[in-house]
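Okay, so here's the structure we're looking at.
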């Protein structure tokens, strides 16, 4: 890791912790500042690394920028869930290309597919049912999004890179909790769980470039 990348990573983690605190105590102003700033700093990490693949870095940065857009859509008071969902769907497709550029093996992809299938059966179907009950128009977009993030998890496993696998799984957990609390039921500190796993997942995906 380069010195610049380490500096940006330190900034990322510091700002992320402040964002986690903001979410935990319900400080919206601090959250509005720290949530997007965390992703901006993480883009700095990706751009400062000496990656094993320049193509992987390019598409990972595209995914980070799309994630930043999704963050902004989802944290605003107005209901911009669909634009946020679309932004993250495109982000996952960018991550799939980035992970593919790192090189994937069939065995890992199959393992990732099994993990994603189990998650879909246990949690995903409940989220889809809840989304359809809330608004039938959300059923297909939610299914499409689940397909995109599941593919990202499959390719992360396919790389065999520890950071990629951990990052993808944490991102998966974050979205599962977010979907569950939005369409199935709330639980204490669910927003904190979502943001912590989300940031750690994104960091893991970036560090997979090393």
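Residue numbers (this note's numbering): 31 to 240.
Using N, Cα and C, we set each Cβ at its ideal position, and we do this for glycine too.
Check	Outcome
Span separating the alpha-carbon of residue 89 from that of residue 51	30 Å
Residue span of the alpha helix (DSSP H) that contains residue 214, given as start and end	That residue, residue 214, is in no alpha helix (DSSP H); it is neither H nor E in DSSP.
Beta carbon of residue 73 nearer than 8 Å to that of residue 94	yes
Local conformation of residue 66 per DSSP, three classes	helix
Host alpha helix (DSSP H) of residue 109 (start-end)	No alpha helix (DSSP H) holds residue 109; DSSP gives it neither H nor E.
Limits of the alpha helix (DSSP H) - the one that residue 43 falls within	33-55
Enclosing alpha helix (DSSP H) for residue 226 [first to last residue]	220-237
With 16 other Cβ atoms within 10 Å as the buried cut-off, status of residue 98	buried
Contact the stretch 137-157 vs the stretch 171-181: 3+ CB pairs below 8 Å	yes
DSSP three-state assignment for residue 188, whether helix, strand or coil	helix
Integer-rounded CB distance, given that residue 220 should sit under 8 Å from residue 211	4 Å
Outcome for residue 44 when other beta-carbon atoms lying within 10 angstroms are tallied against a minimum of 16	exposed
Beta-carbon proximity of residue 234 to residue 187, cut-off 8 Å	no
Given residue 82 as reference, the closest of 197, 189 and 224 once Cα atoms are compared	189
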